[in-house]
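Engineer:
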Amino acid sequence: MSAPRKRLTLSFDNGPFADVTPGVLDALAARDLRASFFVCGKDLRDPARRDLVRRARNAGHRIGNHTLTHAVELGASGDPAAPAREIDEAQALLGELAAPERWFRPYGAGGVLGPRLLSEAAVAHLCAGGYSLVVWNSVPRDWEDPDGWPARALADVEARDWTLVVLHDVPTGAMRALPRFLDDALARGIEITDELPPACVPIRCGARVGALDGLVAPAPAQEIPR
Ligand SMILES: [Zn+2]
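When the sequence shown is numbered by our numbering, its final residue is 232 and no position is left out of the sequence of numbers.
1. Does DSSP classify G70 as helix, strand or coil?
2. With respect to 6 angstroms, is the separation between the Cβ of N143 and the closest non-hydrogen atom of ligand 1 below this value?
3. Check T27 in the structure and name its three-state DSSP category.
4. In three-state terms, what does DSSP make of E102?
5. Between V222 and the rest of its own chain, which residues show a CB-CB distance below 7 angstroms, the 5 nearest in sequence each way excluded?
6. Which residues bound the alpha helix (DSSP H) around W155?
7. Can you list, in chain order, every residue whose CB sits closer than 5 angstroms to a heavy atom of ligand 1?
8. Which of the three DSSP states is assigned to D151 in this structure?
9. Output the boundary residues of the beta strand (DSSP E) element that contains D19.
10. State the Cα-Cα distance for the pair L192 and L202, rounded to the nearest angstrom.
11. Excluding five sequence neighbours on each side, which residues of the same chain lie with their C-beta closer than 6 angstroms to the C-beta of P185?
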């Protein structure tokens, strides 16, 4: 009896860029793969970048909301207007590119999974707005190591049953290694899927369906008196 195949879900954040994203889309298309692209609302004001997002959508990829500004960690911001601005304004800019689903990926500096990602107010906002929250379980830090990230990503894939990797279709040079990474993963028998691992989607269509442990800043008003 053989072990079940490891699964890998690909996500690309912070793009698109004209010099990078078409190559990513070509590499995926050449292998008949689908992925998720999380884009920042501010970048959708540029018609050329919007066209690239549309191209990704038309190729069957999932398009998600990666905040308006990519500058506010919702769990670290004291601004009560931040959730509405960072989440809803980006969703409005996505418009038909993301419909009908409302996939949201928070901004966390350095890709760190922790309590700076979300506030209780942001969680309530996502639930009320019918959003789905998409986190991750692998950050091979492609932006720091354009040639070395595939080895770290493959190690992550081998270490668990289902990996949701965060890559970046941005001009670091890292995406030049994407075709090699995909071919190595496929050669190892890894199943590359566009389904999202349930453990990485703790809020689905506004409903809390999974654990948010460690991802939400403690709310000062809810401190336990002692
Ligand atoms: Zn990002």
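For glycine and all other residues, C-beta sits at the position ideal for the given N, C-alpha and C.
Structural biologist: Working from what's here:
1. Against the sequence shown, residue 70 aligns to sequence position 64. Reduced to three states, the DSSP call for G70 is strand.
2. Indexing the sequence shown from 1 puts residue 143 at position 137. Shortest gap from the CB of N143 to any heavy atom of ligand 1: 6 angstroms or more.
3. One-based indexing of the sequence shown puts residue 27 at position 21. Reduced to three states, the DSSP call for T27 is helix.
4. One-based indexing of the sequence shown puts residue 102 at position 96. DSSP places E102 in helix when its eight states are reduced to three.
5. In the sequence shown, counting from the first residue as 1, residue 222 sits at position 216. G81, P121, L124, S125, E126, V129.
6. Locating residue 155 in the sequence shown gives position 149, counting from the first residue. Secondary structure note for W155: its alpha helix (DSSP H) is the uninterrupted segment 155-165.
7. D19, N20
8. Walking along the sequence shown from the start, residue 151 turns up at place 145. Three-state result, D151: coil.
9. Residue mapping note: residue 19 aligns to position 13 of the sequence shown, counting from 1. Looking at the DSSP string, the run of the beta strand (DSSP E) that includes D19 is 13-19.
10. Residue 192 sits at position 186 when you count from the first residue of the sequence shown. Residue 202 sits at position 196 when you count from the first residue of the sequence shown. Each residue's Cα considered, the two are about 18 angstroms apart.
11. For this step, residue 185 is matched to residue 179 along the sequence shown. Hits under 6 angstroms: A33.
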